[in-house]
Amino acid sequence: MATVLTTSVPWHDGESKMHRLLRVPNQDNPTVPFLNHGAGLLIRRSPLLAIGALDNEGKPWCSLWGGEEGLATPTSVSSFDIKTPVGRTYDPVVESLLLDPAGSNGKPVAFLAVNLESRRRVKLFGKITAGSLNVTGEDERIRAGIAHLTVHVNGSLGNCPKYLNAKRIVPAPPDPKLISETPQLHPQAMELLSHADCLFISSSHRAQDMDTNIRGGPAGFVRVLSNEPAGAVFAYPEYSGNRLYQTLGNLQITPLAGYVFPDFETGNALFVTGRTEILIGKEASSILPRSNLVVRVSVTSARFVGKALSFRGVPGKSSPYNPTVRYLATEKNSAAALGNYESSVTATMIEKHIITPSIARFRFRISDPTEAGTWTPGQYATFSFFDELDMGYSHMMDDDPSSLNDDYVRTFTISSSPGHVPIGEFEITIRKHGNVTRYLFQTSDRAGLEVPLKGFGGEFRLPEPSSGILPFIAGGIGITPILAQIPVIDVSLLRLFWSISIKDIALVLDTFKRFPKLPPVTTVFISGLDTQSDETSPELEVAASSGAQIRGRRVEAQDLDLSLANVCRKTRHSAAASRWSYPGPGPSLTPLHKPRPISGLTLQGNFSILTIRYPLTSDISLFYRLVQHNQEDNSSSPLTTMSTYEGKKQSPSPLTKKHQLTHQLFQQLNTTLPPIPQPLNPKPKRAAAVPTSLPSSRLSPKSPRMKPARAAMLCPSPATSAPHSTLSPKR
1 MATVLTTSVP WHDGESKMHR LLRVPNQDNP TVPFLNHGAG LLIRRSPLLA IGALDNEGKP
61 WCSLWGGEEG LATPTSVSSF DIKTPVGRTY DPVVESLLLD PAGSNGKPVA FLAVNLESRR
121 RVKLFGKITA GSLNVTGEDE RIRAGIAHLT VHVNGSLGNC PKYLNAKRIV PAPPDPKLIS
181 ETPQLHPQAM ELLSHADCLF ISSSHRAQDM DTNIRGGPAG FVRVLSNEPA GAVFAYPEYS
241 GNRLYQTLGN LQITPLAGYV FPDFETGNAL FVTGRTEILI GKEASSILPR SNLVVRVSVT
301 SARFVGKALS FRGVPGKSSP YNPTVRYLAT EKNSAAALGN YESSVTATMI EKHIITPSIA
361 RFRFRISDPT EAGTWTPGQY ATFSFFDELD MGYSHMMDDD PSSLNDDYVR TFTISSSPGH
421 VPIGEFEITI RKHGNVTRYL FQTSDRAGLE VPLKGFGGEF RLPEPSSGIL PFIAGGIGIT
481 PILAQIPVID VSLLRLFWSI SIKDIALVLD TFKRFPKLPP VTTVFISGLD TQSDETSPEL
541 EVAASSGAQI RGRRVEAQDL DLSLANVCRK TRHSAAASRW SYPGPGPSLT PLHKPRPISG
601 LTLQGNFSIL TIRYPLTSDI SLFYRLVQHN QEDNSSSPLT TMSTYEGKKQ SPSPLTKKHQ
661 LTHQLFQQLN TTLPPIPQPL NPKPKRAAAV PTSLPSSRLS PKSPRMKPAR AAMLCPSPAT
721 SAPHSTLSPK R
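For what it's worth, the UniProt record's numbering labels the leading residue of the sequence shown as 1, then goes sequentially.
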């Protein structure tokens with residue numbers, strides 16, 4: 001009877017050194033010296049196999065093979081076979097293992113079998129016992145082939161799914177073409193790095209054994225420090241992991257690594273080998289702020305190969321464990337750089353004002369305003385909440401995955417202007433989203449919360465208008481960058497387009513109350529108006545009466561053509577149309593019954609259309625007085641057409657008694673009306689008599705619903721104006 005001893009592989013000197021440097025508690029190496037059952041199942045079901053090998057100069061290279069499940073098959077607890085399509089040219093691992101005249105037997109190799117769709121992976125290392133490369137077909141010029149390898153396994157280890165971005169792998173024939181072969185990276189290679197969300201790395205321990213693994217993260221997590229003819233230099237952060245440090249342990253002893261960066265969309269690949277340097281603590285954060293562990297790579301050899309891969313990848317969901325991209329300290333005047341700044345200055349919360357359930361304004365007092373310095377409108381403040389929220393190391397945390405790499409350094413735009421709050425104080429207006437903002441919402445302003453203030457940064461300033469108009473587009477809480485600048489700009493030149501959910505309408509009201517000059521230059525686009533209760537909410541009524549233009553929809557591209565929008569704004573008609581109201585004789589109207597603008601102005605040829613809401617009942621005397629008053633008040637812009645709509649319908653509703661009366665009334669006013677649409681199947685109705693007198697009765701309280709109406713008024717617009725204004729509401 002055969003017996004398998006499930007002993008573990010001991011740590012080597014490089015791994016032990018990393019454990020000491022990073023103060024990792026003593027633990028056994030979970031690597032086993034054979035191919036265990038779980039690893040065998042996973043390599044069968046993995047469509048990708050990353051493979052690392054050493055060239056004749058001892059430099060490590062890495063490649064990525066596969067396309068379909070079943071490319072690797074276990075043959076025993078200590079061996080497995082590989083059969084998969086590969087590119088016959090320009091693949092450095094193929095050259096090292098299958099095209100070397102000295103053969104491949106006995107060469108150390110390392111593999112990573114990975115299924116990106118299920119985010120499962122297993123590492124293996126061992127030695128080649130046999131290998132061959134066959135041409136696919138009879139034509140020797142074909143650049144693809146079938147690789148056969150037999151591998152003796154010296155160790156295997158399953159890894160966690162963190163930082164793996166899901167992709168569905170589909171096969172594609174390789175057709176490799178060499179694009180560049182210099183250590184200075186080709187522009188296409190630089191572009192690949194800018195959006196790469198994973199890399200595969202191979203390393204060795206004194207050429208005795210190897211390790212191959214994957215590093216994933218947000219797109220662009222690898223940052224290029226330089227790209228000179230002598231060789232590019234790039235860096236990437238090592239995120240919180242299982243703290244085994246097997247790859248970094250190899251790099252401690254043998255600071256060389258091979259990388260492959262796959263382009264899953266095109267099949268291109270960047271193969272790189274170079275010298276590595278492990279940066280810890282302040283050294284790491286000086287390169288990549290807010291990072292405690294960084295690998296810097298100086299490229300010594302590189303190949304950028306088109307269509308090198310035998311597969312393509314269909315993107316799926318990104319890993320929930322991915323942190324945000326950490327930019328180089330030299331890339332941005334970034335808040336990340338402020339996160340490394342050591343200062344004794346603190347900020348204490350002294351006031352909290354809840355605006356909506358998810359938006360609030362907080363005021364902070366600075367402990368030492370002189371050391372902190374002043375800020376300018378448009379800048380942000382950088383806080384550290386690490387001492388308040390850090391919970392220590394955890395390998396996995398599925399209920400809050402982003403917290404594993406969170407340094408709890410946050411930047412918030414300052415929404416107050418210097419001089420408009422007491423010296424040494426400032427305000428931020430934020431939305432509740434994530435650990436830090438949740439913590440702020442939950443903390444009482446009486447609790448004396450005091451956190452380190454890293455400083456102020458940013459250079460966002462509204463530019464001087466070149467054409468007399470200063471447009472700005474804001475989405476929701478994105479209004480904050482201009483709030484601190486409103487007191488120091490000429491608001492009359494501002495054209496603010498603000499898109500916001502009806503759930504956050506209170507933020508609009510709060511902003512208009514604090515900055516009363518803002519509504520006349522603001523168009524508010526309100527989304528989420530799904531119910532009649534939303535449309536008649538008191539907050540919406542107040543917003544509509546503020547002087548701002550209200551749109552019951554999202555921003556559209558045509559809304560943003562300011563050159564055309566100003567055509568009608570510069571005429572007397574624009575002001576006249578915006579004054580549509582009912583101050584005439586007769587009983588006063590309740591706020592609910594007052595006509596109010598809902599969609600603003602639409603320019604069509606020489607006419608402008610003003611959309612309003614008014615109470616539509618069989619008693620139309622109220623609306624008659626409205627029309628009569630505005631005809632007299634706006635004699636330079638007479639009413640020419642009126643059409644009515646029911647609810648949210650996009651076309652005139654079937655004729656009713658009310659519509660017939662309205663139509664006949666406007667005939668008496670000598671207005672020009674389009675033909676009355678006839679219903680296809682009209683129901684018989686009693687004949688309605690046209691009223692000979694117009695009583696001044698009030699609107700029936702039984703009919704409070706507001707219906708849309710569209711009134712066309714003559715607009716002396718220039719002959720050069722376009723047929724349709726870009727400010728037109730979507731009809």
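Every residue, glycine too, gets a C-beta built ideally from N, C-alpha and C.
Give the single residue among the options whose Cα lies nearest to the Cα of residue i.
i, options, result
"residue 784", "Leu251, Ser291 and Tyr380", "The structure shown does not extend to residue 784, since the chain spans only 1 to 731, so no value can be given for it."
"Gln184", "Asp175, Ala166, Thr212 and Ala232", "Ala232"
"Phe311", "Val9, Ala39 and Glu68", "Glu68"
"Gly267", "Ser546, Pro255 and Pro173", "Pro173"
"Pro47", "Leu309, Val135, Leu389 and Leu507", "Leu309"
"Gln485", "Thr413, Ser537, Pro452 and Lys432", "Thr413"
"Ile51", "Ser367, Ser96, Ser344 and Val491", "Ser96"
"Gly249", "His19, Ser8, Val488 and Ser537", "His19"
"Val260", "Glu427, Ala53, Val542 and Lys454", "Ala53"
Would you decide whether residue i is buried or exposed? Buried here means 16 or more other CB atoms lie within 10 Å of its CB.
i, result
"Ser204", "buried"
"Gly58", "exposed"
"Asn26", "exposed"
"Arg23", "exposed"
"residue 746", "What is shown of the chain runs 1 to 731, which leaves residue 746 out entirely."
"Asn442", "Note on identity: in this sequence residue 442 is Gln, with Asn being the wrong assignment. Looking at its Cβ environment, which holds fewer than 16 other Cβ atoms inside 10 Å, Gln442 is exposed."
"Thr212", "buried"
"Thr437", "buried"
"Arg406", "Before going further, note that residue 406 is Asp rather than Arg in the sequence given. With 16 or more other Cβ atoms within 10 Å, it is buried."
"Pro289", "buried"
"Asn105", "exposed"
"Ala230", "exposed"
How many angstroms separate the CA atom of residue i from the CA atom of residue j?
i, j, result
"Tyr321", "Asn242", "13 angstroms"
"Val273", "Arg215", "Inspection of the sequence shows that residue 273 is occupied by Thr rather than by Val. Approximately 16 angstroms, taken between the alpha carbons."
"Thr420", "Leu496", "Reading off the sequence shown, one finds His at residue 420, where the question assumed Thr. Going by the C-alpha atoms only, they are around 22 angstroms apart."
"Ala113", "Asp55", "22 angstroms"
"Pro10", "Phe125", "14 angstroms"
"Ser118", "Gly158", "14 angstroms"
"Ile479", "Thr276", "44 angstroms"
"Leu270", "Thr511", "51 angstroms"
"Lys177", "Arg551", "54 angstroms"
"Lys517", "Phe460", "22 angstroms"
"Thr300", "Arg361", "52 angstroms"
"Ser226", "Thr73", "42 angstroms"
"Phe386", "Tyr439", "12 angstroms"
"Asn134", "Phe34", "29 angstroms"
"Ser444", "Val451", "14 angstroms"
"Leu601", "Gln549", "Reliability fails at Leu601, whose pLDDT of 43 lies under 50, so the model's placement of it is uncertain and the value that follows must be treated cautiously. Between Leu601 and Gln549, the C-alpha separation is close to 9 angstroms."
"His433", "Val409", "14 angstroms"
"Leu149", "Asp81", "6 angstroms"
Looking at residue i: is its Cβ nearer than 8 angstroms to the Cβ of residue j?
i, j, result
"Val325", "Gly220", "yes"
"Thr411", "Thr382", "yes"
"Ile500", "Leu540", "no"
"Val86", "Gly155", "no"
"Arg365", "Glu425", "yes"
"Gln252", "Gly14", "yes"
"Ile280", "Ala329", "no"
"Lys127", "Val109", "yes"
"Phe111", "Leu42", "no"
"Val314", "Arg143", "no"
"Ser202", "Ala257", "yes"
"Leu462", "Ile482", "yes"
"Ser63", "Pro92", "yes"
"Val222", "Tyr236", "yes"
"Leu98", "Gly131", "yes"
"Leu529", "Ile489", "no"
"Val305", "Ile179", "yes"
Using a Cβ-Cβ distance under 8 angstroms, would residue i count as near chain D?
i, result
"Glu388", "Chain labels in this structure do not include chain D; a single protein chain is all it has."
Less than 7 angstroms between the CB of residue i and some heavy atom of the ligand ADP, yes or no?
i, result
"Met18", "The model on display carries no ligand, and the ligand ADP is accordingly not part of it."
Given 8 angstroms, three or more beta-carbon pairs between the region 348 to 357 and the region 190 to 199: Short answer: they don't touch.
The region 520 to 529 / the region 367 to 375 touching (three or more Cβ pairs under 8 angstroms): Contact between the region 520 to 529 and the region 367 to 375 is absent, because fewer than three Cβ pairs lie under 8 angstroms.
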